[in-house]
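Residue numbers (our numbering), protein chains in the order written: chain X, 1 to 136; chain S, 1001 to 1386.
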């Protein structure tokens, strides 16, 4: 039996730069050149000042756990193979929040406020998911 | 602004369909059955209905149901914002009735979630992989909605020291109410230890912190206050109601996951009704998860932020407790056919009519109903009175 397929993102023209950067091992978020506001996930304009002059800025990849859960039940066959796994909301040092798994973590070591660092998990020939690990 | 609509409409009829496990019936059939019963409760017939507010998994719900019932309404609304949809529908029916666009509105919901096995895996239908949720949530295996509320519980425990035992209190109180309700699905006694020994689904939430999966439907008949006074059942007036919406399944911009906009809708609904929290006799809060009740009690202002755990301790929410709420047994023990807003309303109406039998609260004249939708994506508060 073949391994179950992970549900993968399907980039759009708007989000393609984010996914391409991730595939190259860089984490980028949108920043507004008019007002400096950073935002995640990508939008066609700045949610703060409505300027269309938003560009992609590479961020440090450092952040903290805002909150998290440890899953003992999975929503699909692929994630079932990973049980138990951690899903976290990570707040990047640059201010935006994103969801990710905390890879290779002992649930007992996790806590809100712990420092994490981005890791890149290649999931297909074309796609890489930004993920996080507890910072050393 | 909407204060002039306070008491302008009333809930004139309420009914559940068959509940619990109802194999061999469709969601549409359950809606039709509940509609028939609610009209009988109001003393009206299908010929009187000129507006249909319906939501199921079918995005054309109101049309589907109108065809099935053989009626030709002049106003329909199939909008679905999750579990609170039916309370929002009452608010929208209030506006339509005030504007003269309809006079008798049917509000209904139905689901065969249990018989369909649609939540067996803990998942709900996924969005397209190119949607924000499909790109930035689904690849990470987040359980929905359980994972989000597990994250809320984690945050509440971290910030305020709330414990799994505090959450279990909510589940046990619900079961004690369900024991008094012949229509409830899970009525056998339970204990805090039993709840805390149930399997972890998404830490820190356990199976018994989560609402049931059942079949069922319900229907409400909304009409003008003047017309309701001439009908069969005691009118229950909509005194105040408010709604607020922020996101879908990607709450990345919700700055504080323990401050989800509930205070704003509660204040607006109370102001529209011209009453205060102290005036409220009956409280029905959508209990999708035990943590949701603790969080709602705090955000609604019934206790201080961070004190929800202590507030629900020692059986406070159960029969004879300091703050009895969710008298049907709630989504945790009475039943939860996918979305529970309908049943929050039905139980509040029954309490205000004095029809709640062994679980009747004393002097029930004013009720507060509260429900969120999706994953704290939106919320609504409604004040009902007699």
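Glycine included, C-beta positions come from ideal geometry on N, C-alpha and C.
*Keeping to the same chain, check which residues put their C-beta closer than 6 Å to that of residue 1003 of chain S; ignore five residues upstream and five downstream.*
Excluding residues within five positions, the ones whose Cβ falls inside 6 Å are 1272.
_Please give the ranges of any beta strand (DSSP E) in the segment 1125-1160 of chain S, keeping only runs that are unbroken, at least 3 residues long and fully inside the region._
Note on the segment 1125-1160 of chain S: there is no whole beta strand (DSSP E) run with a minimum of 3 residues.
*What is the DSSP secondary structure of residue 1114 of chain S, reduced to helix, strand or coil?*
It is helical.
*Is residue 1102 of chain S buried or exposed, if buried means 16 or more other CB atoms sit within 10 Å of its CB?*
Under this definition residue 1102 of chain S is a buried residue.
_If we define contact as Cβ-Cβ less than 8 Å, is residue 17 of chain X a contact residue for chain S?_
With 8 Å as the cut-off, residue 17 of chain X does not count as an interface residue toward chain S.
*According to the neighbour-count rule (16 or more other Cβ atoms, all chains shown, within 10 Å of its Cβ), is residue 1124 of chain S buried or exposed?*
With a pLDDT of only 48 at residue 1124 of chain S, under the threshold of 50, the placement of this residue in the model should not be trusted, and no figure is reported.
*Does the separation of the CB atoms of residue 62 of chain X and residue 1140 of chain S fall below 8 Å?*
Result no, Cβ atoms of residue 62 of chain X and residue 1140 of chain S do not sit closer than 8 Å.
*Give the DSSP bridge partners of residue 987 of chain S, in chain order.*
Nothing can be reported for residue 987 of chain S, as the shown portion of chain S is limited to 1001 through 1386.
*Can you name, in chain order, every residue of its own chain whose Cβ lies under 7 Å from the Cβ of residue 1038 of chain S, other than the five neighbours on each side?*
The beta carbon of residue 1038 of chain S sits closer than 7 Å to the beta carbons of 1013, 1014, 1015, 1219, 1220, 1221 from its chain, once the five residues preceding and following it are set aside; these are given in chain order.
*Indicate whether at least one CB of chain S lies closer than 8 Å to the CB of residue 6 of chain X.*
It does: the Cβ of residue 6 of chain X has a partner Cβ on chain S nearer than 8 Å.
*Taking only the alpha-carbon atoms, compute the straight-line gap between residue 1059 of chain S and residue 41 of chain X and give it to the nearest angstrom.*
Straight-line Cα distance between these residues: approximately 27 Å.
_Suppose you measure from the CA of residue 1017 of chain S to the CA of residue 1181 of chain S; what does that come to, to the nearest Å?_
The C-alpha of residue 1181 of chain S is placed about 16 Å away from the C-alpha of residue 1017 of chain S.
_Give me the chain X residues within the contact set of residue 1143 of chain S, using Cβ-Cβ distance strictly less than 7 Å, ordered along the chain._
71, 73, 75, listed in chain order.
*To which residues of the same chain is residue 1331 of chain S closer than 7 Å at the C-beta, ignoring the five residues directly before and after it?*
Taken in chain order, the residues that qualify are 1211, 1212, 1286, 1287, 1288, 1340.
*Please classify residue 122 of chain X: does DSSP put it in a helix, a strand, or coil?*
Residue 122 of chain X: strand per DSSP, three-state reduction.
_residue 1320 of chain S versus residue 2 of chain X - alpha carbon distance_ = Between the alpha carbons of residue 1320 of chain S and residue 2 of chain X lies a distance of about 57 Å.
*asked:* At the level of alpha carbons, what is the spacing between residue 31 of chain X and residue 54 of chain X?
replied: Straight-line Cα distance between these residues: approximately 5 Å.
*Where does the unbroken beta strand (DSSP E) through residue 132 of chain X begin, and where does it stop?*
Note, residue 132 of chain X: beta strand (DSSP E), 128-134.
_Touching by the beta-carbon criterion (3+ pairs, under 8 Å), the segment 1162-1172 of chain S and the segment 1342-1354 of chain S_ = No, the segment 1162-1172 of chain S is not in contact with the segment 1342-1354 of chain S.
*asked:* Could you check whether residue 1335 of chain S and residue 1020 of chain S sit closer than 8 Å to each other, using their CB atoms as the reference points?
replied: With respect to residue 1335 of chain S, residue 1020 of chain S sits close: the two C-beta atoms are nearer than 8 Å.
_Contact between the segment 105-115 of chain X and the segment 1172-1192 of chain S (3+ Cβ pairs under 8 Å)_ = Judged by Cβ distances under 8 Å, the segment 105-115 of chain X makes no contact with the segment 1172-1192 of chain S, as fewer than three pairs qualify.
*Would you call residue 1368 of chain S buried or exposed, if buried means 16 or more other Cβ atoms sit within 10 Å of its Cβ?*
It counts as buried.
_Out of S:1146, S:1333, S:1089, S:1130, which one is the CA nearest neighbour of residue 1214 of chain S?_
Considering only alpha carbons, the answer is S:1333.
*With DSSP as the reference, label residue 1324 of chain S as helix, strand or coil.*
For residue 1324 of chain S, the three-state secondary structure derived from DSSP is coil.
_Along the chain, where does the beta strand (DSSP E) containing residue 92 of chain X start, and where does it finish?_
Element bounds for residue 92 of chain X: 85-92.
*Are three or more beta carbon pairs between the segment 1264-1278 of chain S and the segment 1239-1253 of chain S nearer than 8 Å?*
Output reads yes: the segment 1239-1253 of chain S touches the segment 1264-1278 of chain S.
*If you check the beta carbons only, do residue 1107 of chain S and residue 1089 of chain S fall under 8 Å apart?*
In this structure, residue 1089 of chain S lies closer than 8 Å to residue 1107 of chain S by Cβ.
*residue 1121 of chain S to residue 1145 of chain S span [Cα, whole Å]*: With a pLDDT of 36 at residue 1121 of chain S, under the threshold of 50, the predicted position of this residue should be treated as unreliable, and no value is reported.
*Take the Cβ of residue 35 of chain X as the centre, count every other Cβ of all protein chains shown within 10 Å, and call the residue buried at 16 or more, exposed below.*
By the 10 Å Cβ count, residue 35 of chain X comes out exposed.
*Which residues in the same chain as residue 1231 of chain S place their Cβ atom closer than 6 Å to its Cβ, once the five residues preceding and following it in sequence are excluded?*
Apart from sequence neighbours up to five positions away, the residues of its chain that approach residue 1231 of chain S with a beta-carbon distance below 6 Å are 1012, 1042, 1043, ordered along the chain.
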